[in-house]
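Written out below as structure tokens is the structure these notes cover.
Number of protein chains: 2
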Amino acid sequence: MKKAEATRLTILQKSFELIYTKGYQTTSLDDILATTGMTKGAFYYHFKNKDEMGIAIIEELLKPTFETTFMRQLQGEGDAVKLLYDMMYTVLMKNDFMRVEYGCPAANLSQEMAPWHSEFTRVLNELSEAWKKAIVQCVKNGKKNGSIRADVKPEQVALFMMSGYWGIRNMGKLANSSSVYLVYLKQLKDYLATLQ
Amino acid sequence: MKKAEATRLTILQKSFELIYTKGYQTTSLDDILATTGMTKGAFYYHFKNKDEMGIAIIEELLKPTFETTFMRQLQGEGDAVKLLYDMMYTVLMKNDFMRVEYGCPAANLSQEMAPWHSEFTRVLNELSEAWKKAIVQCVKNGKKNGSIRADVKPEQVALFMMSGYWGIRNMGKLANSSSVYLVYLKQLKDYLATLQ
DNA sequence: AATAAAACATACCGACTAGTATGTTTTTAA
DNA sequence: TTAAAAACATACTAGTCGGTATGTTTTATT
Numbered sequence: 060m061k062k063a064e065a066t067r068l069t070i071l072q073k074s075f076e077l078i079y080t081k082g083y084q085t086t087s088l089d090d091i092l093a094t095t096g097m098t099k100g101a102f103y104y105h106f107k108n109k110d111e112m113g114i115a116i117i118e119e120l121l122k123p124t125f126e127t128t129f130m131r132q133l134q135g136e137g138d139a140v141k142l143l144y145d146m147m148y149t150v151l152m153k154n155d156f157m158r159v160e161y162g163c164p165a166a167n168l169s170q171e172m173a174p175w176h177s178e179f180t181r182v183l184n185e186l187s188e189a190w191k192k193a194i195v196q197c198v199k200n201g202k203k204n205g206s207i208r209a210d211v212k213p214e215q216v217a218l219f220m221m222s223g224y225w226g227i228r229n230m231g232k233l234a235n236s237s238s239v240y241l242v243y244l245k246q247l248k249d250y251l252a253t254l255q
Numbered sequence: 060m061k062k063a064e065a066t067r068l069t070i071l072q073k074s075f076e077l078i079y080t081k082g083y084q085t086t087s088l089d090d091i092l093a094t095t096g097m098t099k100g101a102f103y104y105h106f107k108n109k110d111e112m113g114i115a116i117i118e119e120l121l122k123p124t125f126e127t128t129f130m131r132q133l134q135g136e137g138d139a140v141k142l143l144y145d146m147m148y149t150v151l152m153k154n155d156f157m158r159v160e161y162g163c164p165a166a167n168l169s170q171e172m173a174p175w176h177s178e179f180t181r182v183l184n185e186l187s188e189a190w191k192k193a194i195v196q197c198v199k200n201g202k203k204n205g206s207i208r209a210d211v212k213p214e215q216v217a218l219f220m221m222s223g224y225w226g227i228r229n230m231g232k233l234a235n236s237s238s239v240y241l242v243y244l245k246q247l248k249d250y251l252a253t254l255q
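One line per chain: the protein sequences are A and B, in this order.
Heads up, the first sequence is in the numbering used here, so the first residue is 60 and it goes up one at a time.
Heads up, the second sequence is in the numbering used here, so the first residue is 60 and it goes up one at a time.
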């Protein structure tokens, strides 16, 4: 039962590439089958339908990736402002999972599916909530160890950072250059300094 | 030739509503015809194809709206920080053209079309560039009249504000509540204060 | 090696898509 | 009023979509 899991994973990974670069709805099953070299029989053996595969991509590819690159390094115990900035720097500048011209896959999907597909929205919301929690916890730690002012509201900081992130990913897509990321990081540093 | 222009406008407006709430690709011509009560003959008399209509929506509906709500009030001569904040407040809180649960139509379209339709991307970029220019000019005015520090880089401020805007629109979509807008505005105020 | 189940392949279907060809009605201008 | 052009209506097409029914091959177990 190793081979089967391998083909399943292949489908997920190749589909992710296509969906990430082209969008979910414009990626047809035939597109997926063509690039994987598989047939419909194989696909529908592993997935009930296209949407189930889409959810699987989020659950099995996006979530783990976000877990490691977006959240893990926030769990350190040092200066919270530095932790937050470094996290964002890593996410934007040292992440070969995402490419500037295609934005953030999670943001792309939520933008595309939000109004008409509640299941997608739900799992993407979980992802977003997990990131928020990690940021909130980091700010709370910062307040405890004195690296962040006592009157700072963690949820507000999280929301502000996350909205900046979604936004700058979109700007990068339009500008097709990661130079906008650097500019954003500069301003973010100024903002984070106001929390100290 | 008045009637014809009226039906053309009807098509544009109703199509905009559908595309704004459902997305461009998931809005079929039949959808549009059903809600407008028109037929294909009428549609294809006024537009060469679906894409041409999509571009027309941006040019003839989005651009004028953005012109008035996003840019005009930045042209005042007072405190630049206040002008910038008030603009964003108006855009997010006093705009019946957009609804929280559907985000920003321009952002939606650019997100959906960016990777695979250059014409859409081009006109949406024009829109985005016009907003950027207005913000940059406002900051420059602020530097002249002393309401903003001399070492502040206008382009960087513009980029930071715009990315925050795209982002918070997306967050609002996920949260389905304009309360996130208020939180964002609060943090934006803090950030803008660092420019003084 | 035999057998059953797992894994995959092929052919097909109905629904839907944007777009067209060809009509009919309405409006405009003389 | 009438002819011509503008504005709209209807019927149809070729292609694509996700999904299914039914087949064949491969793998694991005995």
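Virtual Cβ for every residue (Gly too), placed ideally from N, Cα, C.
Taking just the CA atoms, how far does Leu92(A) sit from Lys73(A)?
-> Rounded to whole angstroms, Lys73(A) to Leu92(A) spans 9 Å at the Cα level.
Along the alpha helix (DSSP H) that carries Ile91(A), what are the first and last residues, could you check?
-> Start and end: Leu88 to Thr95.
Simplified DSSP assignment, three categories, for Leu183(A) | Correct three-state label for Leu183(A): helix.
Which bits of chain A does Gln170(B) rub up against, with CB to CB less than 8 Å?
-> By Cβ distance, chain A contributes Gly162, Ala166, Asn167, Gln170, Glu171, Asn229 and Lys232.
Using the C-alpha atoms, what's the distance from Gln84(A) back to Arg228(A)?
-> Arg228(A) and Gln84(A) have their alpha carbons spaced roughly 20 Å apart.
Quick one: Cα of Gly113(A) to Cα of Ala234(B), how far?
-> If you draw a straight line from the Cα of Gly113(A) to the Cα of Ala234(B), it is about 21 Å long.
Consider the Cβ of Trp190(A): report whether some Cβ of chain B lies at a distance smaller than 8 Å.
-> No, Trp190(A) lies away from the interface with chain B (no Cβ there is under 8 Å from its Cβ).
Residue span of the alpha helix (DSSP H) that contains Ile114(B), given as start and end | Where Ile114(B) is concerned, the enclosing alpha helix (DSSP H) stretches over Lys109 to Ile116.
Starting from Ser187(A), find everything on chain B with Cβ-Cβ shorter than 7 Å and list it in chain order.
-> For a Cβ distance threshold of 7 Å, residue set Leu233 of chain B lies close to Ser187(A), ordered along the chain.
Does the Cβ of Pro123(B) have 16 or more other Cβ atoms within 10 Å, making it buried, or fewer, making it exposed?
-> Counting every other CB atom within 10 Å of its CB across the protein chains shown gives Pro123(B) a total below 16, marking it as exposed.
For a contact meaning CB atoms closer than 8 Å, what does Gly226(B) contact in chain A?
-> Those within 8 Å of Gly226(B) in chain A are Met221, Ser222, Gly223, Tyr224, Trp225, Gly226, Ile227 and Asn229.
Contacts around Val182(B), its chain only, beta-carbon distance under 7 Å, and the 5 residues preceding and following it disregarded | Cβ contact annotation for Val182(B) (same chain, cutoff 7 Å, sequence separation greater than five): Ile114, Ile117 and Glu118, in chain order.
Supposed close pair Ile8(B), Ala139(B) - CB separation, criterion 8 Å | The structure shown does not extend to residue 8(B), since chain B is modelled only from 60 to 255, so the question has no answer here.
CB-CB under 8 Å to Ser237(B), same chain, minus the five flanking residues each way: which ones, in chain order?
-> Excluding positions up to five away in sequence, the list reads Leu151, Met152, Val159 and Gly231.
Gly162(A) burial status per 10 Å Cβ neighbour count (16 or more: buried) = Burial call: buried.
Where Thr85(A) meets chain B, residues with beta-carbon distance less than 8 Å | Contact of Thr85(A) with chain B by beta-carbon distance below 8 Å involves Gln84 and Trp175.
Compute the beta-carbon to beta-carbon distance between Pro164(B) and Met172(B), rounded to the nearest angstrom, for a pair I have assumed lies under 8 Å.
-> Not really, about 12 Å apart at Cβ, beyond 8 Å.
Partners in chain A for Gln246(B), counting only beta-carbon separations shorter than 8 Å | Result: Gln215, Val216, Leu218, Phe219 and Tyr250.
Excluding sequence positions up to five away, which residues of its chain have a Cβ less than 8 Å from the Cβ of Tyr148(B)?
-> If you ignore the 5 residues before and after Tyr148(B), its C-beta comes within less than 8 Å of the C-beta of Leu244, all in its own chain and listed in chain order.
Applying a beta-carbon distance threshold of less than 7 Å, which residues of chain B neighbour Tyr144(A)?
-> Here the premise fails: no neighbours, minimum Cβ distance about 14 Å.
If we count Cβ pairs, one from each stretch, closer than 8 Å, do we get three or more for the stretch 120 to 136 of chain A versus the stretch 182 to 202 of chain A?
-> Contact between the stretch 120 to 136 of chain A and the stretch 182 to 202 of chain A is present: three or more C-beta pairs spanning the two stretches fall below 8 Å.
Residue-level contact to chain B via CB, Tyr148(A), 8 Å cutoff = At a cut-off of 8 Å, the C-beta of Tyr148(A) has no neighbouring C-beta in chain B.
Between the C-alpha atoms of Lys203(B) and Glu178(A), what's the straight-line distance to the nearest angstrom?
-> In a straight line, the C-alpha of Lys203(B) is about 51 Å away from that of Glu178(A).
Does any CB atom of chain A fall closer than 8 Å to the CB of Lys62(B)?
-> Contacts with chain A at 8 Å (Cβ-Cβ) do not include Lys62(B).
Which of the three DSSP states, helix, strand or coil, is assigned to Gly223(B)?
-> DSSP, read as helix, strand or coil, puts Gly223(B) in helix.
Output, in chain order, the set of chain B residues within a Cβ distance shorter than 7 Å of Val242(A).
-> Under the 7 Å cutoff, chain B gives Gln215 and Leu218.
Using a C-beta to C-beta distance shorter than 7 Å, which residues of chain B count as neighbours of Val239(A)?
-> Close partners of Val239(A) in chain B (Cβ separation under 7 Å): Leu218.
Taking C-alpha atoms, which residue in Thr86(A), Lys61(A) and Gly82(A) lies nearest to Ser169(A)?
-> Distances from the alpha-carbon of Ser169(A) to those of Thr86(A), Lys61(A) and Gly82(A) put Gly82(A) closest.
Backbone CA spacing between Thr98(A) and Leu143(B) [nearest angstrom] = Going by the C-alpha atoms only, they are around 55 Å apart.
Simplified DSSP state of Val239(B), which is helix, strand or coil | Three-state DSSP puts Val239(B) in a helix.
Give a yes or no on whether 8 Å exceeds the smallest Cβ distance from Asn108(A) to chain B.
-> Judged by the 8 Å Cβ criterion, Asn108(A) is not in contact with chain B.
Give me the Cα-Cα distance between Val130(B) and Phe106(A), rounded to the nearest whole angstrom.
-> First, the amino acid is wrong: residue 130(B) is Met here, not Val. Taking the straight line joining both Cα atoms gives about 49 Å.
For Asn154(A), which residues in chain B fall below 7 Å Cβ to Cβ?
-> Chain B residues near Asn154(A): none, gap ~17 Å exceeds 7 Å.
Of the residues Lys62(A), Gly201(A), Trp190(A) and Ala209(A), which one's Cα is nearest the Cα of Met220(A)?
-> Closest by C-alpha distance to Met220(A), out of Lys62(A), Gly201(A), Trp190(A) and Ala209(A), is Trp190(A).
Where Ala63(A) falls, given that 16 or more other Cβ within 10 Å makes a residue buried | Around the CB of Ala63(A), fewer than 16 other CB atoms lie within 10 Å, so the residue is classed as exposed.
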